[in-house]
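Trainee: Take my numbering: the final residue in the sequence shown is number 1388, and no numbers are missing along the way. Ideal placement from N, C-alpha and C gives every residue a C-beta, glycine not left out. Small disclaimer: the values here were computed from a predicted structure and weren't measured.
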Amino acid sequence: RDALLTDHLVRRLFFEQVVSWEGCFMRPEVGLAEGGLTYDGTHIDTSKRLHPRRHSNPSKEALHLGLLALAVGQEGLPRVLFPLGVALEQLEKKATALEKYRVA
């Protein structure tokens, strides 16, 4: 446990694993709508059932765009989160969705 606090390599590997698992949620029909926009989390009711929200939020879109841009630039941990091809595909879908929203 102490190595996570003191060893840069151990810390980096830990965060790469965390980001890799987070990537499981950043895919269509889990954390992303088929059209490329993000879902704004999940509501847990009093019976502990999950109800995914089917709307987006500007702050989530901004965060997703930033992560995708870093992944395309192959910078930092976002490149673990999104392989280059996936990042480009998601950016294309998101740009199309935002353009449709803009002209509506």
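Roughly how far, in whole angstroms, is the beta-carbon of A1355 from the beta-carbon of L1365, given that I think they are within contact range, below 8 Å?
Mentor: 6 Å between Cβ atoms; contact.
Trainee: Run through DSSP, which three-state label would T1322 get?
Mentor: Reduced to three states, the DSSP call for T1322 is strand.
Trainee: Ignoring anything shorter than 4 residues or poking outside the stretch 1291-1373, list the alpha helix (DSSP H) runs there in chain order.
Mentor: Counting whole runs of 4 or more residues, the stretch 1291-1373 contains the alpha helix (DSSP H) stretches 1292-1306, 1342-1356, 1362-1365.
Trainee: Is the stretch 1307-1325 touching the stretch 1366-1382, taking contact as three or more C-beta pairs under 8 Å?
Mentor: Output reads yes: the stretch 1366-1382 touches the stretch 1307-1325.
Trainee: Check whether the Cβ atoms of L1361 and V1294 lie closer than 8 Å to each other.
Mentor: It is not a contact, given that the beta carbons lie outside the stated cut-off.
Trainee: If we ignore side chains and look at the alpha-carbon of each, how far apart do L1351 and P1312 end up?
Mentor: Answer to the nearest angstrom: the Cα atoms are 16 Å apart.
Trainee: Kindly indicate which three-state DSSP category A1381 falls into: helix, strand or coil?
Mentor: Three-state DSSP puts A1381 in a helix.
Trainee: Only counting the same chain, and skipping five residues up and downstream in sequence, which positions put a Cβ closer than 7 Å to that of F1298?
Mentor: For F1298, where only same-chain residues beyond five positions count, the Cβ hits under 7 Å are L1288.
Trainee: According to DSSP, simplified to helix, strand and coil, what is A1287?
Mentor: If DSSP states are grouped into helix, strand and coil, A1287 belongs with the helices.
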